[in-house]
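See below for the structure under consideration.
In this note's numbering, the protein residues as written are -17 to 261.
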């Protein structure tokens, strides 16, 4: 599943390519799973709307939409109307295509744009979700890790008896962090993933927050991690997987101490760590 760096990379790419364009018409497929909002509501929100901007909230891509008023007001010709929310799920992809491009089998939405291009949502596994919200009405939950201050970060884990890895993955606490970046952050902070969150000291949590921000920013700079079928808005793979220090390296030597990397399962999720460097 694309995590914060991958979704940020996709959102930035889409913002450059489709911001300012107008949605002329919408086609939605017959599969019900991708539609979190009724099809008619999605179509009504999108059709004849201008894409004012594209941004990330947690693991969601948010399209801010404006409706062109029939009668311009004194304050301007357009007003913010709604948000189109896209969650990519496990295999979802947003593609900007020429209309003559082949429509792939698992295409669930096609937006025809005034520029002559099409924006398509393709999702073979159908875990992605499409929805709409009134302008400013969408809440991804949790706090944004890249903007978190230490005091707020500290309160997220105080008294929690769950493993710190599980707490980092809890989107109601910290939005956007997933399996890859939780493992990589815990390694840099020298904290084992199974440690109870409540046992981690103030200084260790400070180091963890620093590590989370460093890992996410480095991953964004490298376009995310392409370990499955992830590509960005231009169809290009990311490169942060070449920088992984523990994730996916079970049995390989730690890059710091040469101890073999271990893999365990916590709450059904794989966790990778160095038994010597992480305590």
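Beta carbons: idealized from backbone N, C-alpha and C, even for Gly.
8 Å Cβ shell around residue i - same chain, five flanking residues per side excluded
i           : result
residue 7   : 29, 93, 94
residue 235 : 241, 242, 243
Per-residue DSSP class, three states only, for residue i
i           : result
residue 210 : coil
residue 301 : It is not possible to answer for residue 301, since the shown part of the chain is limited to -17 through 261.
residue 229 : coil
residue 64  : strand
residue 35  : strand
residue 171 : coil
residue 245 : strand
residue 17  : strand
residue 268 : The requested residue 268 does not occur in the structure, where the chain is confined to residues -17 to 261.
residue 182 : coil
residue 165 : helix
residue 97  : coil
residue -15 : coil
residue -4  : helix
residue 1   : coil
residue 266 : Look at the range of the chain in this structure, -17 to 261, and you will see that residue 266 is not part of it.
residue 219 : coil
residue 8   : strand
residue 84  : coil
residue 196 : helix
residue 59  : Bear in mind that a pLDDT of 46 at residue 59, under 50, signals an unreliable position, so the model cannot answer this.
residue 23  : helix
Closest by C-alpha distance to residue i, when choosing among the options
i           : options            : result
residue 163 : 147, 178, 154, 176 : 147
residue 183 : -1, 219, 151, 135  : 135
residue 256 : 200, 167, 219      : 167
residue 194 : 261, 89, 170       : 170
residue 11  : -13, 104, 76, 46   : 104
residue 213 : 67, 15, 77         : 77
residue 79  : 215, 241, 232      : 215
residue 247 : -8, 261, 229, 240  : 229
residue 16  : 142, 174, 70       : 70
residue 23  : 253, 66, 237       : 66
residue 202 : 1, 189, 140, 128   : 128
residue 37  : 91, 152, 72, 118   : 118
residue 190 : 159, 208, 204      : 159
residue 251 : 91, 90, 150        : 150
residue 172 : 196, 259, 208      : 259
residue 176 : 125, 91, 253, 20   : 253
residue 14  : 89, -1, 27, 140    : 89
residue 100 : 181, -14, -4       : -4
residue -10 : 231, 238, 219, 206 : 206
residue 231 : 102, 25, -13, 165  : 165
Residues near residue i in its chain [Cβ-Cβ closer than 6 Å; skip 5 each side]
i           : result
residue 122 : 39, 40, 42, 157
residue 154 : 123, 124
residue 161 : 251
residue 74  : 105, 110
residue 27  : 64, 114
residue -7  : 36, 37, 38, 43
Neighbourhood of residue i by C-beta, 7 Å cutoff - its chain only, sequence neighbours within 5 removed
i           : result
residue 3   : 33, 95, 96, 97
residue 45  : 33, 36, 65, 66
residue 113 : 18, 19, 67
residue 141 : 180
residue 208 : 219, 220, 223
Residue i Cβ short of 6 Å to the ligand ATP heavy atom set
i           : result
residue 120 : In terms of ligand content, the structure shown is empty, and the ligand ATP therefore cannot be addressed.
At a cut of 8 Å, does the segment 73 to 87 reach the segment 222 to 229 through at least three beta carbon pairs? no
Could you tell me which uninterrupted beta strand (DSSP E) segments, each at least 3 residues in length, are contained entirely in the segment 99 to 145, listed from first to last along the chain? 100 to 104, 111 to 116
If you pair each beta-carbon of the segment 101 to 108 with each one of the segment 124 to 142, do three or more pairs fall below 8 Å? no
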